[in-house]
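Residue numbers (this note's numbering), protein chains in the order written: chain A, 1 to 277; chain B, 1 to 338.
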């Protein structure tokens with residue numbers, strides 16, 4: 001099994017040969033019971049600036065894989081490399097420079113936000129955790145603008161804002177340390193169409209400026225195809241290998257992906273009639 | 001056609017500290033016919049779920065409700081006292097398919113125990129008969145019989161959803177309210193769940209589906225009502241709304257255009273605070289068609305659109321003929337999902 005994974009990996013280096021992938025998983029097996037892992041021998045690599053979508057039904061293990069990629073879950077086997085460096089620890093044992101190189105946004109903002117923190121404190125918490133609390137005020141205001149949160153909302157606590165507003169804060173928190181890789185695990189699963197489009201535009205604006213890579217996990221095929229450079233189908237536990245260049249389950253996005261900020265900034269075309277004012 | 005549910009001028013205010021008021025729902029009126037599915041769509045925090053809670057008498061104590069919501073035989077849902085609601089309405093006249101069913105079910109009891117209890121409460125049968133009735137109820141919602149002895153945490157999202165649907169169907173209520181029934185489910189399960197809900201509406205029930213999932217609404221709804229900042233700003237037949245004529249309210253148009261299958265462009269700005277609504281049209285600050293009148297006068301719902309300057313329908317003659325007539329009843333021959 002591992003032989004095959006290595007082989008597919010060797011033949012499937014990212015197309016931009018010579019580049020170090022921003023994020024690479026090799027032969028990852030992970031789960032919650034050693035005898036019945038939810039993902040088996042998964043190999044996947046994402047180039048700098050590339051957006052890759054991982055598609056699959058509920059319970060197929062895609063979120064577990066996202067947690068491994070974000071160094072939040074220790075796999076039973078396999079390696080994770082971030083910017084060419086192999087991960088040396090997981091969760092709080094991960095070295096800070098690796099831990100902070102990956103930003104994560106989860107599906108349910110209510111469950112990933114400390115109910116006691118105000119949104120302002122929430123989105124700058126990573127700065128304080130890294131001893132950069134002095135920058136919190138300046139960067140916090142900047143980021144709030146970036147994700148479309150009104151200044152007035154920063155003083156509120158999670159129960160006083162809507163899901164969409166709280167998810168904006170969670171996205172800001174993921175971006176505050178300027179990660180090189182962003183992992184979005186069903187980021188827009190609970191949100192309406194307009195908020196979804198707005199958050200995707202924020203992510204793309206950030207990636208356009210910073211060149212960060214993206215791993216987007218979800219089950220909305222239409223959305224992920226529109227959003228990402230390529231989509232991978234995660235069909236069943238462990239059934240996926242990424243050859244990087246056209247494997248069986250790898251499918252290129254048909255639609256043009258959203259390109260950076262231009263798309264978001266383009267004003268909507270004027271409507272057919274103008275109101276008589 | 002007589003309406004199964006007739007809501008007129010429904011408003012809900014929440015009284016807050018320091019005399020502030022949250023205007024969660026304002027002047028909402030609509031009818032729902034037998035066999036019809038009305039989808040209520042809008043951004044999170046626009047008042048959709050408060051509307052459902054008002055119809056079920058489940059609002060907290062600081063809520064002030066105005067208006068009327070009439071069932072053909074039965075009390076006004078908005079003014080009935082708690083005893084009437086509990087004994088005669090909830091489960092019997094109005095069934096609720098809840099958001100996040102896994103949290104709605106009692107965690108420490110099996111699905112079978114909860115179904116049997118509901119059957120006994122709602123139909124008054126004896127314990128022995130309740131057992132077979134519970135099996136039948138599970139079958140109607142396509143809940144597998146071999147999972148009946150499981151606890152809610154042992155069910156997948158889809159099965160928990162079916163268990164909750166089974167509970168909602170026990171009382172044979174003529175009106176079903178589904179509050180975000182598909183949140184967090186994957187696309188196949190979403191389609192399966194809404195198809196089932198639609199099927200229950202086929203045999204003469206009415207279905208009010210509250211959702212932010214436009215694809216799910218398109219799949220099963222006969223009509224679509226769009227809510228913004230507590231008001232219904234557009235109500236149209238689903239065929240017109242999702243089809244070539246398109247929505248006429250700029251907000252509804254923007255919401256539809258935000259879909260990844262369409263322009264994938266967000267509506268600029270954020271929805272207003274329900275505690276501090278602007279004068280005039282609440283959408284005016286975000287609207288590209290805004291004019292002076294929008295900032296002073298609140299537009300009334302006329303011909304299905306609450307806008308001073310509604311967009312033209314782009315349809316050729318014929319296709320848009322049902323645009324306003326769609327207010328009165330279900331699509332002719334409105335069959336299963338498209």
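Beta carbons are placed, not taken as given, at the ideal position from N, Cα and C, and that holds for glycine.
So is residue i buried or exposed if we call it buried at 16+ other beta carbons inside 10 Å?
i	result
residue 192 of chain A	buried
residue 244 of chain B	exposed
residue 62 of chain B	exposed
residue 155 of chain A	exposed
residue 219 of chain A	buried
residue 2 of chain B	exposed
residue 233 of chain B	buried
residue 132 of chain B	exposed
residue 190 of chain A	buried
residue 256 of chain A	Any reading at residue 256 of chain A must be qualified, since the residue scores a pLDDT of 35, below 50, and its modelled position is unreliable; no value is offered.
residue 32 of chain A	exposed
residue 79 of chain B	exposed
residue 153 of chain B	exposed
residue 92 of chain A	exposed
residue 312 of chain B	exposed
residue 75 of chain A	buried
Going straight from the alpha carbon of residue i to that of residue j, what length do you get?
i	j	result
residue 226 of chain B	residue 193 of chain B	22 Å
residue 300 of chain B	residue 281 of chain B	10 Å
residue 294 of chain A	residue 70 of chain A	Examination of residue 294 of chain A is not possible in this model, given that chain A is present from 1 through 277 alone.
residue 243 of chain A	residue 230 of chain B	Here residue 243 of chain A scores only 40 on pLDDT, less than 50, and its place in the model is too uncertain to base an answer on.
residue 118 of chain A	residue 29 of chain A	38 Å
residue 38 of chain A	residue 43 of chain B	35 Å
residue 101 of chain B	residue 188 of chain A	20 Å
residue 111 of chain B	residue 148 of chain B	5 Å
residue 241 of chain A	residue 184 of chain A	Legend: pLDDT at residue 241 of chain A = 45, less than 50; position of this residue unreliable, value from coordinates given subsequently. If you take the alpha carbons of residue 241 of chain A and residue 184 of chain A, they lie about 20 Å apart.
residue 248 of chain A	residue 231 of chain A	Below a pLDDT of 50, predicted positions are generally treated as unreliable, and residue 248 of chain A, at 27, falls in that range; no measurement from the model is reported.
residue 275 of chain A	residue 290 of chain B	The predicted model places residue 275 of chain A with a pLDDT of 39, which falls under 50 and marks its position as unreliable, so this point remains unresolved.
residue 302 of chain B	residue 152 of chain A	35 Å
residue 13 of chain B	residue 40 of chain B	19 Å
residue 200 of chain A	residue 87 of chain B	47 Å
residue 115 of chain B	residue 170 of chain A	39 Å
residue 20 of chain A	residue 83 of chain A	6 Å
residue 99 of chain A	residue 129 of chain A	12 Å
residue 237 of chain B	residue 220 of chain B	12 Å
residue 40 of chain A	residue 26 of chain B	53 Å
residue 237 of chain A	residue 294 of chain B	Legend: pLDDT at residue 237 of chain A = 36, less than 50; position of this residue unreliable, no value from coordinates given.
residue 137 of chain A	residue 97 of chain B	44 Å
residue 16 of chain B	residue 134 of chain B	43 Å
residue 35 of chain B	residue 54 of chain A	39 Å
residue 5 of chain B	residue 176 of chain B	11 Å
As a quick exercise: from the options, pick the residue whose alpha carbon is nearest that of residue i.
i	options	result
residue 211 of chain B	B:224, B:202, B:205 and B:203	B:224
residue 83 of chain B	B:201, B:56, B:95 and B:101	B:56
residue 81 of chain B	B:59, B:128 and B:72	B:59
residue 222 of chain A	B:24, B:186, B:95 and B:242	B:186
residue 195 of chain A	B:163, B:138 and B:265	B:265
residue 18 of chain B	B:267, B:168 and B:275	B:275
residue 46 of chain A	A:34, A:56 and A:66	A:66
residue 24 of chain A	A:86, A:164, A:109 and A:121	A:86
residue 263 of chain B	B:146, B:253 and B:284	B:253
residue 47 of chain B	B:288, B:228 and B:248	B:228
residue 122 of chain B	B:22, B:178, B:236 and B:85	B:85
residue 37 of chain B	B:191, B:96, B:200 and B:259	B:200
residue 341 of chain B	B:165, B:34 and B:96	Residue 341 of chain B falls outside the range modelled here, since chain B spans only 1 to 338, and no answer is possible.
residue 224 of chain A	A:49, A:26 and A:56	A:56
residue 202 of chain A	A:148, A:157 and A:233	A:148
residue 286 of chain B	B:292, B:241 and B:250	B:250
Just to confirm before moving on: does the CB-CB distance between residue i and residue j stay below 8 Å?
i	j	result
residue 51 of chain B	residue 28 of chain B	yes
residue 53 of chain B	residue 7 of chain B	no
residue 107 of chain A	residue 204 of chain A	no
residue 216 of chain A	residue 22 of chain A	no
residue 173 of chain B	residue 94 of chain B	yes
residue 298 of chain A	residue 156 of chain B	It is not possible to answer for residue 298 of chain A, since the shown part of chain A is limited to 1 through 277.
residue 109 of chain A	residue 163 of chain A	yes
Who pairs with residue i in a beta bridge, going by DSSP?
i	result
residue 227 of chain B	B:232
residue 130 of chain B	Paired residue(s): none; residue 130 of chain B is not in a bridge.
residue 175 of chain B	B:94 and B:206
residue 11 of chain B	B:66
residue 23 of chain B	B:13
residue 41 of chain A	Answer by DSSP bridge pairing: none, since residue 41 of chain A is not bridged.
residue 50 of chain B	Answer is none; residue 50 of chain B lacks a bridge partner.
residue 184 of chain A	A:105 and A:216
Counting only beta-carbon separations shorter than 8 Å, does residue i have a partner in chain D?
i	result
residue 193 of chain B	The question asks about chain D, but that chain is absent: this structure's protein chains are A and B.
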